[in-house]
Every structure is written in structure tokens, then in C-alpha cells.
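Heads up: the sequence lines are chains A, B and C, in that order. For the first sequence, the tail end lands on 404 under my numbering, and the numbers increase by one without skipping. For the second sequence, the tail end lands on 1404 under my numbering, and the numbers increase by one without skipping. For the third sequence, the tail end lands on 2404 under my numbering, and the numbers increase by one without skipping. What follows is a single structure, written as C-alpha cells, with notes after it.
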Amino acid sequence: MSEHPGVVPSVASQPVSAAEDLAVHITANLDLVDHHCHYLSRQVLSQGGFEALLGESHFRTPPGCSAADTGFGLAVRTFCPPLLDLPACAGISDYVERRAQLGVDEVHRRLLAGGASTYLLDTGYLPDRPQRFGRAEELAAWSGGSVAEVARLETLAEQVAARLGGIGGGVARSSGYADALSDAMGQCGGALGWKSVAAYRCGLGIDWSRPSPGRVREAAAEWLSAGPDIQRGWRLEHPVLIAHGLWSALDTGRPVQIHTGFGDNDIRLKEADPTLLDPLLRATADGRSAIMLLHCWPYHRQAGYLAQVWPQVYMDVGLAVPHVGSRSAAVLAQALELAPWHKMLYSSDAFGLAEIYHLAVHSWRRALATALAPLAAAGFHRDELVRLGSLVSSENARRVYGIS
Amino acid sequence: MSEHPGVVPSVASQPVSAAEDLAVHITANLDLVDHHCHYLSRQVLSQGGFEALLGESHFRTPPGCSAADTGFGLAVRTFCPPLLDLPACAGISDYVERRAQLGVDEVHRRLLAGGASTYLLDTGYLPDRPQRFGRAEELAAWSGGSVAEVARLETLAEQVAARLGGIGGGVARSSGYADALSDAMGQCGGALGWKSVAAYRCGLGIDWSRPSPGRVREAAAEWLSAGPDIQRGWRLEHPVLIAHGLWSALDTGRPVQIHTGFGDNDIRLKEADPTLLDPLLRATADGRSAIMLLHCWPYHRQAGYLAQVWPQVYMDVGLAVPHVGSRSAAVLAQALELAPWHKMLYSSDAFGLAEIYHLAVHSWRRALATALAPLAAAGFHRDELVRLGSLVSSENARRVYGIS
Amino acid sequence: MSEHPGVVPSVASQPVSAAEDLAVHITANLDLVDHHCHYLSRQVLSQGGFEALLGESHFRTPPGCSAADTGFGLAVRTFCPPLLDLPACAGISDYVERRAQLGVDEVHRRLLAGGASTYLLDTGYLPDRPQRFGRAEELAAWSGGSVAEVARLETLAEQVAARLGGIGGGVARSSGYADALSDAMGQCGGALGWKSVAAYRCGLGIDWSRPSPGRVREAAAEWLSAGPDIQRGWRLEHPVLIAHGLWSALDTGRPVQIHTGFGDNDIRLKEADPTLLDPLLRATADGRSAIMLLHCWPYHRQAGYLAQVWPQVYMDVGLAVPHVGSRSAAVLAQALELAPWHKMLYSSDAFGLAEIYHLAVHSWRRALATALAPLAAAGFHRDELVRLGSLVSSENARRVYGIS
């Protein structure tokens, strides 16, 4: 289990040792549960549309620049073209053309083959665009896997607000907010867990104590009477209502996913540091609901610490795993410095492009092989390596979400 | 001194180059001063008791999970069983059984052999449990090294409070607090340095200016009249008194250790970032006491910067060195990006288990070999490598603490 | 594009694969634009003077310690002596002696050979010491490159204050501050961009909204009537005037460089985290001026995220590239996890020593080769590798600053 600054990697087809060989072989065959992902685009994409989904920016790249010139874009060019019958390292325009030729169904089937067997789909992002972004059934068909739902708390709250709110009536109806949210959550019987995007809305540095019913009513009155945002519609940013949603979710006993770390430019990164959750984690350490820290990069070491010391805390390095390309092994290694193997999960956080699904799987398997190889070299038995790899790839998710 | 993303490591017995060979050989023979460690458990441990000491959590692992499934637990299984006549990679239950068979003294002697020659023992953590946790003399006997004391400031203050405080009398006696603390510190003549756990009590982001005598009296009155916590007894969390303790320590001219970075779940990680000490470091830059930043992970790069720019600042990556297992070389390398070699020290921060002592030594030697190997490859003479390795392993500690 | 914890590096003269060979060859020949550097010392330096410029501290090293015992100092000893006809790994005293023997002009010519073809010189640091620190023409002569100016906003403001300010008259003249600054900026017609050291003065966590004319007048009155600092002279630390300077610079359409991350001990590192700029970046996302995040370490991953999601944001890992020695590849790799290749630039941030210029170039080429090698191994065509390497080494700078 030595550790040294290294030498340029050999290509994957030339493993340098029997230990690496074994680790690669093990991870290539592990079952995966993707415990957090999003809808796939169901449209034939132009090059512009494709590039817009490659990264996390909502803006166009500067003139003369390509959104494919990123670690992720280069990984797409490296690994995906052969799956569409093109040579590796093909240019993006050739790739997009071939993509269109094959059609969405075929592309998705090819890129999702060999991926996860189970997907937990966050149905709360762009839920109202089924024409553009497919439905759960489609993901199941394309992937051949089973798909279960994770319900987004803020989206549920916004649907409640849309029913209750509006000029004049909002304040009067605010006393019904908590019950209405509770009803809405009750209708999510099929959801295996909950998701909060507090990091995007008010940041994670809020007062996490459980708000009293009076405080919830008051906050609901503030929000409902303010009405929807002209551009964005009903958008929950009120920290009291976000905390209330989270505590309501924790009360159900089902795992609660919390977005931490990077995301699109809608997030303020500094406010997405998972260590800001400290008061919440202290308050829920003897509770019955697991808290799943999603993504975490570049605060994944911090998340690993939290996953070690708090019994209810789990983590993943999803989103980073596909997006940092060849660096995914380095990121996973940092997260596993302190995160126990029984607390780490796999997720893709893929959205829109099947390429993100594909590269998440590919990068995860490679990153995990890198984590296992020194253990193989140190003499751990194959069964033990399989056990560890299975924990982080699927078993932890199955145990925590109750997936059989 | 090239630097490349690397290839899976060969096992230690197959060094890839003469440079690495040389570096490993040098570090295997370096004298070590462990400038910060804690008591060893002197009990025969059950598997539960053993696993509870493996990590930094105060909580049990979730059902079906093992606390040994961490980077550190896997390192224990890799390296320690052969020292107890078991095969490498033995399971934890076999290991714990063998441990009990051999008995505490024999296990400690075997695991501490080849370790540090000098230990600076923080005597302030669980000072009242000598039956469970051994005394300094025992550490000396088990290790064959010499043991000196580091006195914990908050523990001294709490002993003072226990004498002065209590309902009714506290406020009246608060005027004697500063003198009583001064007396208590005066009785620590044998202590080579001081330790503060401010990070655990009020965080490092407090007002670090030296409190006036009046402000100290006032704060002492607040604390003493509040009385001891029912569960935790006298516990110093008052930022004014913590700052006062630290300045009192700085006045002695002896090095002052400050816990920074991760620790058990009692810490709020965000409040343990050493850059929060900025005002204190500015105010003490021309002072005569060294400030030792302990542990620092995951803020060890930041600590390296502070160690470079402030003349009185030193650092270690203790606690991380054993706990991150095979990643210790990566952590040390990041710390040495900016930290001068004359400002880095070795510590284990070991507590309870002799395995932590052992792996701290083992991981440090490997990590240091990794840092020296590129210098060897670049052509630095063996004597120069020994000089650099000796600085960080023992000489800096000897110079700063005045150990002959 | 595999990624593994690695093995000790071979020396540069023994590349381990054809892919690395190709990457090293490509980067050795890339044109470089150094988009941020400082004056070179034009004095013959004593060993003390030389060591004082090796690091970022303003203080002397502790007795018995050498400022050359750092990652950077060891890199200087590894790579620079042969350029002055000494053996590699020579001691610092021999090196400084040889340096003096050759004379400043010869040393500078040798160390700057093979470096950047274009330098953007921040003329605002120590602008009044031309005897000690050379002028732009000298840098051009020593390097054989062309030199253009970057004007430092705070220095311009301080020159304005020196004209307008002073006891009694300051308040009265404060109404002319904005116009005078505007005039001073108008006289910087040759400057290709602007530089702000807000991080050193008030930190990056200020109110970044554009101050109203009335608020600027008020702030100018505060500053001008306070007068110059006795030791430091006129020193702009007023957050309103710093924000005003930055917005004035953004209005010109020319790129605005912002120091982020580490620097000398004058900076408070925590206040130099580029994510603190979030409100400014949101407010300028549709603007016409590029914002260049300089240095960024240890927040370079965060900067990479900002460079990905905001269209106007660029970054470099200057200062770190030379100062972290053999770790520059690791730092660049982390920055490129999210930073697009069309958003990364080269800079040295060199100041004082030609060795910093030299090692910045050397470390950059090695770091970039390390980033390109896996792409070469993955099958990307040489032309594509050259294109990517050229973007980050020169083309991005040429495009953004309008350098032909």
C-alpha cells in the first residue's frame, strides 16, 4: 500500500501489475445503484444543444471557444465515439452528427448499457418539461434497469404554494401550508427518499433548528403573500420553510439527500460547504433518517470527515465523478481518506446527456479500481475486495434506501 | 523532480528505482520525535472496544457495518497482524483475539518497537482515568523512549475553576482566577509546551486580542457563577478565557500547540480552519513563543502557507498521517507545497490504540520517503536527504522544544 | 486516461512512455504569454537578500534555518545551478557567489532564455524603486520578449489621493476623486488590463455592488481626510473605493485581474477565497470585461468551478506554479478538473528573482506535459494536443488581452 507521486499512466489496456488487473476486473463487474440522477434529454440535439449540456454553466462559451474543451468534454471524446461506431477522439461535430443519425433511443441504449441496475431519479428538476426530458419509464427502458423516485422537497413546497398562494389570499391560506406540504409528501409513497436543494436557495449556513408551527405559519405567510417570481415562478428560498421541509422529511424515516458542493452557476459555492450543516448533523445524530451528502466536491474531504464521525451521514462524489474526467480517482481517493467504505455511495447526478450517465459509470469503475489496487497489492483476498467494492457501488444504497 | 499522474503502486518490497530505494532506506532509519500524542489504553479490549478506538466518531457504526472498513482500519489489517504473528490482512476478530492472547504489555511493546525515541504527551485528555489509560511512565516502558509532558491549557483552567467555582462563591472568587491559573501553569515546570483545544470549545474564529485583566475577571465571574455542566463537569468554552490562557502560555516562551483541522465529532470542522488564527499570528509574529499548528487536515495546505509566511508558526499533519492510511504521502506532499522543511514536525496524535502509534510511524516513514525520492532522483546527495528528513522527523522538534 | 496513485517518478530524461515523450516534446516548444509578473531585482544580491526573495514571508527565517529549505528552494537548487555552470543540487551559498560573479545582466539573460515571448507587467508593486527593481525595458532586454503593462488600480488611486488628500483639504477635494481616478486611468492607454489587490486590502468578502457617486464621494472624504499612514503612506483599504475602482476598470472593457489565494503575509488567506467574489461575478456575467482570477491556490479548484460556470471568468495558477516546486502538476491537474482549457492562462507572478521566472516556465511546461500525457496515451492527435497546450500557454491570453 505504498503511495508515491507517480509516473504517467499507461493506457488501460496495459495494466502494470496483477494487482491492478484484479482490481479492474472486479470493478468491471460490480452491480451499481445510482442513488441520484436526473432526466435524460429525449430530443435530437444540435451541436449547440449538446455542448450546452456538457458543462454546468447556463451561459454560452466565449466566441471561438468550445464547451467541449474541458476535462469532461475530452473524456466524452475519448470514450464515447467508439460506442457509436466512431474512432476514439473524434471531434464533437462528427460525434453530434452520428448521434443524430442513430437517434435518441439507440444512442441512449448504447451509452447506458453496462450501467447501473437501479436508478433513484430526482423528479423535481424541470418536472414540467416531459417533452424535452424523458420520464422515469423511458429511463428504465433505455437502461434496462429499474427506476425509483426521489422527491424534491422544494418542488413539493412550490406546488403547494402554487395552490395556496397568490395576491390577497396568500396570508389567509398560510395556516394551511404545513398540512398541505404534509399531504403532498404523503402522496409520495413511492419515493425512496427526499432531496433538498437548500444549497441553491438559501445556502447551507442557515438556522437548522426545527421551526415551530407558529414560525412556519409566519414564514408561509411571507412567502405566499409575496407571490411567484415573474421569471422563475414559485421559488422557495425562505430558510425557515426550507428547514421545515427538511425536518418534515427526516420525520418520515426515509433518507434525505442534500445537495452540497458544486453545481450550476445558480449555486453560491461557498454556501454549499457541507460543514455548514454541522448544527443539523448534531441535532439528528440519534435520529432515524440517514442524511446523504451529494456530490460534495471540492469539499469532499470535509464530507468524508462528516461521514466518519456522524452515524447518520453518508456521501457520494457524484457529479464530480463524471465531470472531472480522468481526475475522478484522485477525487474518490481524497474522499475515502476519512469516509468509511460503509458510508460512500455511487451516483452520477447525470442530467440531460446519456454521455454523463456513461462516463459516470466508466469513471467510477476506474476510480474504484484505483482505490482497490493497492489493497490487492497488499494481499487482501479477492472476496474482500469484492465486498468493499460492492459496499460503495450498491450495497450501501440498498441497505439505506431499503432496495431489495 | 518530475510529477505525473501515476500508475498503480508496486508493493513496497519492489521499489521501482534506486532513488526510491535510497529514500526508503533513509527514512527507515531516521530518529523520530513525536511532538504530540495521548495516552494508550491499558485494558484488554473487546472487538467493540477496539473498533470504537479505530476512528474519530463517538457513535457506533450503523448495524451491519464495521468501523474497520475505513482507510485506517484497512491499514491496520494490512500492517499490524504480522507483528502479532498473524498473516497480513487478517480479519479484525482474529486480530482482536490474538491481541488479547498476547496481553497489553506485549502488544504495546511489539507495536511501539522501532517508533519514536521521544514523546511529548498531552496529559490533559481524560487525565482522570489512569486505570483505563496508562500513565507517562508506562508509555516510556512500552516504547523504550523518553516521555515529556505537554500541558493542556483548558484542563488547567478547569482544575482552577473546580477549586474556585460553584454556586454563590464563584463570582466572589473570580478575581483570583488569573492568579490561580498562573500558579497552576507555574506548577507545570516539566512541561515542554502547552496545548490548546480552542477549536473544540469556541472555535478558532474568536477575538484573539489579549484580554485586559478586567475582562478576564468579568469572564471568570460569568463562567464560575454558571457552574459546571451536569454531564461534562467544568468545561471551558468562554472565548475570553481561552484567549487569556493562550496569551498566558505565549508569555512563558514555551511552544504553544493549537489543535486545528479534524478531530472527533465534538469539533465543528469549519471553526477549526487555521486561517482563522490570522489575527493571533499577526499579533505574535515578533513574539518569542512558537505556535504549533497540529493536524490541520483538510486545511493542511493553508497551514503550510501560514508556516511559510509567519516566523513563529510550525505545523504537523499528525492524526491525518495514521488515519488516512495509504494517503498519508499525498497529504504530506500537499502540506510541503509551501511549508518549509524547517517548519514541519512529526506527530502521531495517537490515542488509545498502539496500532495508531505504529501506523503513524509507518505512514510517516513511507510518506517522507515519497517526498524525498524525487529529490534523490534529481541528484541530491544522501547527506542532504538525511538532513532534510531529520529536520522534519526530529530536529525541528528538538530545536523548538529545547530537547537535547 | 487511467488514473492511479502512483509510483516514484523517473527522472525527466527517462520518459516512461511514448505518450509522455510526445507531451514533453510538445510543451517544450510552446509559446508562452506570461499574463502577470513583476519587476526583477537589478541588484547583486547577498545570500540574505537572495533568500529573502525566495519565499513569501516578510520575516527572517528562525536561527539555524534556511529559507532555501522549501519545495521552491530545492527546485531552484535542482534546476538553476547548471544554467550558471554549476552542478545540479549545488548549495545556496555557492550558487549566490556564482550569481554575483556572473553579474545581474548575464544571470537574467541565462535564466530568462527560453521563457515567455510576452510579459504583462504589473507595474504597481514597488513602482518607486527603479534602482532596486528594473523597468519594463530591462525585462524586455533580459528576456528578449515584449513587455506590456497592467495597471494596478489601488496604486492609481493612491497616486490620486496623494495629489488630492491631506489634512484639511482632503474633504473639500473628495468630490474630485472619481474624476481624478478616471483621468489617471485614462492616462494608462498602453495598459492591456487592470489589476486589483483587494484581497490584500479589505478582503474579497465586501459589498461588490457598484457604489453610487454620492457613496464614492463620501468614502473618498473619509479616506482623504484620514491622510496617509505614517509607515505605509497612502494606502487604499476602503472597500467602497476598491469596489469603485474595480467597476471603473470593468467599464473600460479591458480584462481585470484580481489577486486571489495566497500571497505574502500581508494577505489574510481566508479573505482571498475567490468564491467570495460570487456577487461580483453574478453582476458582471453579461458584461464585456473579462475577470482574471490570479494564483488562486489553495482555492484553485473553486476557481476552476467559477471559470467553468461564468462566461467572463478566467484563471491561472501562477505564483503556485513556481512556488510549489515539483507539485505544480498536481495543482494544475486539480484546477483543470473543472476549469475549461479555454479559460486557463499561464502566469509566473514572478517578483525579484530571475529564478522565479525560470522555474515558473519550467514547472509550467512539466505540469502541462503531465496534463497532456494521458490525452496522448488515449489517442488524441498531436495537433489536438498542441491546440490545447497552446490555448492555456498563450492563445487564451492573446485572445482576451487582444495581443497580436
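Glycine residues also receive a C-beta, built at the ideal position from the N, C-alpha and C atoms.
Nearest CB-CB separation between Y2305/C and chain A: below the 8 Å threshold. With fewer than 16 other Cβ atoms inside 10 Å of its own Cβ, N29/A counts as exposed.
Annotated three-state conformation of E1149/B is strand, per DSSP. For W142/A, the secondary structure class from DSSP, reduced to helix, strand or coil, is helix. Among the bridge pairs identified by DSSP, H1295/B is matched with T1260/B. Interface criterion not met: the Cβ of T275/A is under 8 Å from no Cβ in chain C. D1383/B: member of the alpha helix (DSSP H) spanning 1382–1390, first to last residue. Taking a Cβ-Cβ threshold of 8 Å, the residues of chain B close to S2057/C are Q1308, V1309, W1310, P1311, in chain order. One finds D69, L74 in chain A with Cβ atoms closer than 9 Å to the Cβ of L2388/C, taken in chain order. Y1314/B places its beta carbon less than 8 Å from that of A1307/B.
Take R2099/C, set aside five residues on each side of it, and the residues of its chain with a beta-carbon closer than 6 Å to its own are V2107, in chain order. Taking 8 Å as the cut-off, the Cβ atoms of G2263/C and Y2346/C do not count as close. Contact note: D264/A reaches chain C through V2309, using a C-beta cutoff of 7 Å and chain order. For the stretch 319–340 of chain A, residues whose beta-carbon sits nearer than 9 Å to a beta-carbon of chain C comprise A320, H323, V324, G325, S326, R327, S328, A329, A330, V331, A333.
Here DSSP, grouped into helix, strand and coil, assigns H38/A to coil.
At a cut-off of 8 Å between beta carbons, A2141/C makes no contact with chain A. Taken in chain order, the members of the stretch 1277–1297 of chain B whose beta-carbon sits within less than 7 Å of a beta-carbon on chain C are D1278, A1285.
Within chain A, no C-beta atom comes nearer than 8 Å to that of P1082/B; the closest sits roughly 10 Å away.
If you check the CB distance, P1340/B and T2070/C come in under 8 Å. In terms of Cα proximity to R1268/B, the closest of Q302/A, G64/A, I403/A is Q302/A.
With respect to the 8 Å criterion, G165/A and L224/A are classified as neighbours on the basis of their beta carbons.
N265/A places its beta carbon less than 8 Å from that of E56/A. Per the coordinates, the alpha-carbon of A148/A lies some 19 Å from the alpha-carbon of L353/A.
Beta-bridge partners of M344/A (DSSP): M315/A. Close to G1379/B, with beta-carbon spacing below 7 Å, are these residues of chain C in chain order: A2088, C2089. With contacts defined by Cβ atoms closer than 8 Å, A371/A and A360/A do not form a contacting pair. R2301/C reaches chain A at P298, counting residues in chain order whose Cβ is nearer than 7 Å. One alpha carbon belongs to R2042/C, the other to R2132/C, and they sit about 6 Å apart. Check the Cα spacing between V2216/C and each of H2259/C, E2020/C, A2157/C: the tightest is with A2157/C. Positions of the alpha helix (DSSP H) runs, each at least 4 residues long and wholly inside the stretch 2070–2101 of chain C, are given as 2071–2079 in order along the chain. Annotation: the continuous beta strand (DSSP E) that includes A191/A extends over 191–196.
Straight-line measurement puts the Cα of G2193/C at about 22 Å from the Cα of A2161/C. When Cβ-Cβ separations below 8 Å define contact, C2202/C makes no contact with chain B. With fewer than 16 neighbouring CB atoms inside 10 Å of its own CB, G2144/C falls in the exposed class. Scanning chain A for C-beta atoms nearer than 8 Å to the C-beta of P1228/B yields nothing, as the closest lies near 21 Å away. As the crow flies, the alpha-carbon of P1062/B is around 11 Å from that of D286/A.
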